[in-house]
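Engineer: The structure follows.
Residue numbers (the working numbering), protein chains in the order written: chain A, 1 to 166; chain B, 1 to 662.
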């Protein structure tokens, strides 16, 4: 009974799917980040509705972590044959764990950098409240945070790319 | 030279010719007049000259401009004509402009009519709001069936008011019963905060009743003085509101009737703006009884024209080159391709006048990186086509025009990379062929598909990054040489070139057999020479122990170069993001399979999904391409902090006055 449960838990496909799920959870960071930025944006737009467009651009910036997570999740699903219509490929426990490990960078960095970027975006929105002409600087400050999500995405992607399944 | 060379100008003329000269200078529009506060604070000057100003005239003009602006805003608000997406200026011949500008009277009376109507609307809206408030106060009483101005009878008082929702009505009744049986309490309505009650009692028991009421927090309702029952009052208010709405509509129509005259008001506004600027510029002139003095800057290329103009106006003048190291206003001038990218430089900060305009150096890379990060031929085509159409349709000026042109080039670049990497709306061709025709079609990448060979793409990104960084360092070296410090160029740039190239050769040869053993050896020696050189020269400006630590510190800067190069990995990552999300969208769209239903689903998902993907990734590409310039590239050499060149010119808002060619 217990061995059966354990073998199900460590079933390769299952572990790989867990990895895909984790990668998609990077969206938590984006959700939080975009939320933080959105609160700041509303406050600024309340004063000056003309700043809607500018504030929206800045609010969108922390949204990318979710996209990166989705990207990795999608690639994992492709890799194990969940998408594509040819049925699932056999995944060994070892391969499943590899895939799981590959999902970790974007999962963890995605969440944390998403929130941090949201805060940076919120202050950039405060910046355009006073000096709308300086939006580019606010964007660059915000994008500085994203670098680390990009690096995590890269590592997740390269790790995943190195794993052979099927 | 990408920063326009400026020359210093100072001139003295006769006051009698001042107005004509100012008018002609404004038309020419190439001279920046300086503020002369420092001269006024200088004793030698202060005794001789005073500031020429005319604030009263400025205030009068501003007042008229304000009215014209209000009228234009009113028209814009109620206009029936479709509004243009972008603000552009109309082109107009100078003769026509002047002729129209002279028709003051008709335009002013028109402005008067519009503003009167607009103010009327504002008043009516206020009135309607007041009525709405009164109506809201009445609403709880709508089921009350006595006229609201009934005060009672000979022996009885009738009062209406509210008690808090928390107060208990039965308890109030109980308390009343204790005092007297002669009363009538009605609950008319209740909401979350209050209970609305009406109370009839005997006049002689007024004091006792009031005591009880006070305990329960009763407060009499104010402002319910209306003849007739509440229901009637409410409908009367509603009728009034209707009437006001009609009146507002009439006034709106009045404004709409004037909308054809909008162009005339715009001309009127612009001619006033020119007059105002001409009055304001006097703040920058110094005068004596008969003469005036001005100082300013003009681009060297325009100096001849300015000189001719001053000569014609019988001025004494001097046009000289700036002193060495003197700061001048900054005006950038670039070729057709690079000019739009000035927008990116301006968004960062203008270059120092003694520095260098980075625009021509990064413009190509900007478009290149943007294209690599978006890397979808279809997206590129959409961007290029959209910006092209906008530019054809609207003569956009300034920052907006520059950005549009820049995105046009970026769109072309995106198309180019999309074709190289085989991205057309992601893999839409493959998906459609598979879903609807059950065929395996793959649009081959002309070069390679980064999704299949990510390492190749990563290496390529790093190589491009390396070239970009080396170019930045090269510009820095060029600046050092230009400023007469060739040794700095050798030590700070040359040695790094040797070290970095050597390192790449050495490590590449050792680890990946990139070059033969000779190459590896050369690389090793270059590394050593470079590293030792930097160690020795890095602290040359410091004293004592600082010489040693300075060298170490400089050498430690190699981590910075590593980080800079790694930063270019975003070219791969963002390119992947576009491609993979596009195929996610296509996969989602194909979930319903073939047939008509599938086609409908695919179309919907396709349109929404790709619109989203395009906008979010175009934004990402814009931001990250900018970042690569601002942080990695500018960090190597850029000196910012210049003041923009602000010529005295006809700064109009609605009309572009065509220049006469002479």
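We put the beta carbon where it would ideally sit given N, CA and C, even for glycine.
Since the model is a prediction, treat every value here as computed from it, not as a measurement.
Since residue 299 of chain B is in the alpha helix (DSSP H), which residue starts that stretch and which ends it?
Structural biologist: For this step, residue 299 of chain B is matched to residue 299 along the second chain. Not the alpha helix (DSSP H): residue 299 of chain B falls in the beta strand (DSSP E), residues 291–299.
Engineer: Any C-beta of chain B within less than 7 Å: which residues of the stretch 25–47 of chain A qualify?
Structural biologist: Taking 7 Å as the Cβ-Cβ cut-off against chain B, none of the residues of the stretch 25–47 of chain A qualify.
Engineer: With respect to the alpha helix (DSSP H) encompassing residue 320 of chain B, which residues constitute its N-terminal and C-terminal limits?
Structural biologist: Position 320 of the second chain, counted from the start, is the residue given in the question as residue 320 of chain B. From DSSP, residue 320 of chain B is part of no alpha helix (DSSP H) but of the beta strand (DSSP E) over 316–320.
Engineer: From the DSSP output, in three-state form, read off residue 727 of chain B for me.
Structural biologist: Beyond the ends of chain B as shown, which are 1 and 662, falls residue 727 of chain B; an answer cannot be given.
Engineer: Could you have a look at residue 161 of chain B and say whether DSSP puts it in helix, strand or coil?
Structural biologist: For the purposes of this step, residue 161 of chain B is identified with residue 161 of the second chain, where counting begins at 1. In this structure, residue 161 of chain B counts as strand in the three-state DSSP scheme.
Engineer: Could you confirm whether any beta carbon from chain B is found closer than 9 Å to the beta carbon of residue 125 of chain A?
Structural biologist: As a first step, residue 125 of chain A must be located in the first chain, where it is residue number 125. No, residue 125 of chain A lies away from the interface with chain B (no Cβ there is under 9 Å from its Cβ).
Engineer: Pop quiz: residue 37 of chain A and residue 59 of chain A are said to be a contact at Cβ under 8 Å. What is the actual Cβ separation, rounded to whole angstroms?
Structural biologist: For the purposes of this step, residue 37 of chain A is taken as residue 37 along the first chain, with counting starting at 1. For the purposes of this step, residue 59 of chain A is taken as residue 59 along the first chain, with counting starting at 1. Confirmed, Cβ separation roughly 4 Å.
Engineer: Measure the C-alpha to C-alpha separation of residue 663 of chain B and residue 25 of chain B and round it to an integer number of angstroms.
Structural biologist: Residue 663 of chain B is absent from the structure shown; chain B starts at 1 and stops at 662.
Engineer: Specify the secondary structure class of residue 543 of chain B as computed by DSSP and reduced to three states.
Structural biologist: What you label residue 543 of chain B is simply residue 543 of the second chain in a count that begins at 1. Coil at residue 543 of chain B, not helix or strand.
Engineer: Comparing alpha-carbon positions, which option in B:571, B:491, B:436 lies nearest residue 538 of chain B?
Structural biologist: In the second chain, counting from the first residue as 1, residue 538 of chain B sits at position 538. The candidate whose alpha carbon is nearest that of residue 538 of chain B is B:491.
Engineer: Fully enclosed by the stretch 538–605 of chain B, which alpha helix (DSSP H) runs are 4 residues long or longer?
Structural biologist: You should have 546–556, 558–567, 570–589.
Engineer: What does the alpha-carbon distance come out to for the pair residue 564 of chain B and residue 63 of chain B?
Structural biologist: Counted from its first residue, the second chain places residue 564 of chain B at position 564. Counted from its first residue, the second chain places residue 63 of chain B at position 63. Those two C-alpha atoms are separated by around 55 Å.
Engineer: Skipping 5 residues on each side, what residues in its chain have a beta carbon closer than 7 Å to that of residue 253 of chain B?
Structural biologist: Here residue 253 of chain B refers to the residue found at position 253 when the second chain is read from its first residue. If we look at residue 253 of chain B and ignore the five residues flanking it on each side, it has no Cβ neighbours.
Engineer: Within 10 Å of its beta-carbon, does residue 16 of chain A have 16 or more other beta-carbons around it, so buried, or fewer, so exposed?
Structural biologist: Sequence index remark: in the first chain, residue 16 of chain A carries index 16 (1-based). Counting Cβ neighbours within 10 Å, residue 16 of chain A comes out buried, since at least 16 surround it.
Engineer: Taking the Cβ atom as the reference point for each residue, do residue 576 of chain B and residue 450 of chain B lie within a distance shorter than 9 Å?
Structural biologist: Residue numbering aside, residue 576 of chain B sits at position 576 when the second chain is read from its first letter. Residue numbering aside, residue 450 of chain B sits at position 450 when the second chain is read from its first letter. Result yes, Cβ atoms of residue 576 of chain B and residue 450 of chain B sit closer than 9 Å.
Engineer: Would DSSP call residue 98 of chain A helix, strand or coil?
Structural biologist: Within the first chain, residue 98 of chain A is the residue found at index 98, counting from 1. Residue 98 of chain A: helix per DSSP, three-state reduction.
Engineer: What do you reckon, are the CB atoms on residue 43 of chain B and residue 330 of chain B nearer than 9 Å?
Structural biologist: As a first step, residue 43 of chain B must be located in the second chain, where it is residue number 43. As a first step, residue 330 of chain B must be located in the second chain, where it is residue number 330. In this structure, residue 330 of chain B does not lie closer than 9 Å to residue 43 of chain B by Cβ.
Engineer: Count the other CB atoms within 10 Å of the CB of residue 64 of chain A; is the residue buried (16 or more) or exposed (fewer)?
Structural biologist: Counting from one through the first chain, the residue named residue 64 of chain A turns up at place 64. Burial call: buried.
Engineer: Could you tell me whether the stretch 600–615 of chain B touches the stretch 417–437 of chain B, using the rule of 3 or more Cβ pairs below 8 Å?
Structural biologist: Output reads yes: the stretch 417–437 of chain B touches the stretch 600–615 of chain B.
Engineer: For residue 358 of chain B, count neighbouring Cβ atoms within 10 angstroms of its own Cβ and tell me buried if that reaches 16, exposed if not.
Structural biologist: The sequence position of residue 358 of chain B within the second chain is 358, counting from 1. It counts as buried.
Engineer: Under the rule that 16 or more other beta-carbon atoms within 10 Å means buried, what is residue 74 of chain A, buried or exposed?
Structural biologist: By 1-based counting over the first chain, the position of residue 74 of chain A is 74. Buried, because 16 or more other Cβ atoms sit within 10 Å of the Cβ of residue 74 of chain A.
Engineer: Taking all protein chains shown into account, decide if residue 87 of chain B is buried (16 or more other Cβ within 10 angstroms of its Cβ) or exposed.
Structural biologist: Taking the first residue of the second chain as position 1, residue 87 of chain B is located at position 87. That one is exposed.
Engineer: Cβ of residue 461 of chain B within 9 Å of Cβ of residue 568 of chain B?
Structural biologist: Sequence index remark: in the second chain, residue 461 of chain B carries index 461 (1-based). Sequence index remark: in the second chain, residue 568 of chain B carries index 568 (1-based). Cβ distance < 9 Å, so residue 461 of chain B and residue 568 of chain B count as in contact.
Engineer: Look up residue 197 of chain B in the DSSP assignment and say whether it is helix, strand or coil.
Structural biologist: Along the second chain, one-based indexing puts residue 197 of chain B at 197. If DSSP states are grouped into helix, strand and coil, residue 197 of chain B belongs with the strands.
Engineer: Would you say the stretch 399–412 of chain B touches the stretch 369–381 of chain B, given that touching needs at least three Cβ pairs under 8 Å?
Structural biologist: Contact between the stretch 399–412 of chain B and the stretch 369–381 of chain B is present, because at least three Cβ pairs lie under 8 Å.
Engineer: Counting only beta-carbon atoms, is residue 21 of chain A nearer than 9 Å to chain B?
Structural biologist: The residue given as residue 21 of chain A occupies position 21 in the first chain. It does not: the Cβ of residue 21 of chain A has no partner Cβ on chain B nearer than 9 Å.
Engineer: Would residue 137 of chain A count as contacting chain B if we go by Cβ distances under 9 Å?
Structural biologist: As a working note, residue 137 of chain A is residue 137 in the first chain. Judged by the 9 Å Cβ criterion, residue 137 of chain A is in contact with chain B.
Engineer: Can you pull out the residues from the stretch 331–365 of chain B whose beta carbon lies closer than 7 Å to at least one beta carbon of chain A?
Structural biologist: So the list reads 347, 348, given in the order they occur along the chain.
Engineer: Flag residue 599 of chain B as yes if its beta-carbon sits less than 9 Å from any beta-carbon of chain A, otherwise no.
Structural biologist: Numbered from its first residue, the second chain carries residue 599 of chain B at position 599. Not closer than 9 Å to any Cβ of chain A, the Cβ of residue 599 of chain B fails to qualify, so no.
Engineer: Classify residue 266 of chain B: buried if its beta carbon has 16 or more other beta carbons within 10 angstroms, exposed otherwise.
Structural biologist: Indexing the second chain from 1 puts residue 266 of chain B at position 266. Classification for residue 266 of chain B: buried.
Engineer: Strictly below 7 Å CB to CB, what residues from chain A border residue 685 of chain B?
Structural biologist: Nothing in the structure corresponds to residue 685 of chain B, since chain B is present only between 1 and 662.
Engineer: Along chain B, in chain order, which residues have C-beta atoms closer than 8 Å to that of residue 67 of chain A?
Structural biologist: Position 67 of the first chain, counted from the first residue, corresponds to residue 67 of chain A. Under the 8 Å cutoff, chain B gives 577, 581, 616.
Engineer: Are residue 261 of chain B and residue 81 of chain B touching if we call contact CB-CB under 9 Å?
Structural biologist: Here residue 261 of chain B corresponds to residue number 261 of the second chain, with the count starting at 1. Here residue 81 of chain B corresponds to residue number 81 of the second chain, with the count starting at 1. Going by C-beta atoms, residue 261 of chain B is not nearer than 9 Å to residue 81 of chain B.
Engineer: How should residue 97 of chain B be labelled, buried or exposed, when 16 other C-beta atoms within 10 angstroms of its C-beta is the threshold for buried?
Structural biologist: Along the second chain, read from residue 1 onward, the residue named residue 97 of chain B stands at position 97. Counting Cβ neighbours within 10 Å, residue 97 of chain B comes out buried, since at least 16 surround it.
Engineer: Check each candidate in B:441, B:307, B:571 and name the one with the smallest Cα separation from residue 468 of chain B.
Structural biologist: Counting from one through the second chain, the residue named residue 468 of chain B turns up at place 468. Comparing Cα-Cα distances from residue 468 of chain B to each of B:441, B:307, B:571, the minimum goes to B:571.
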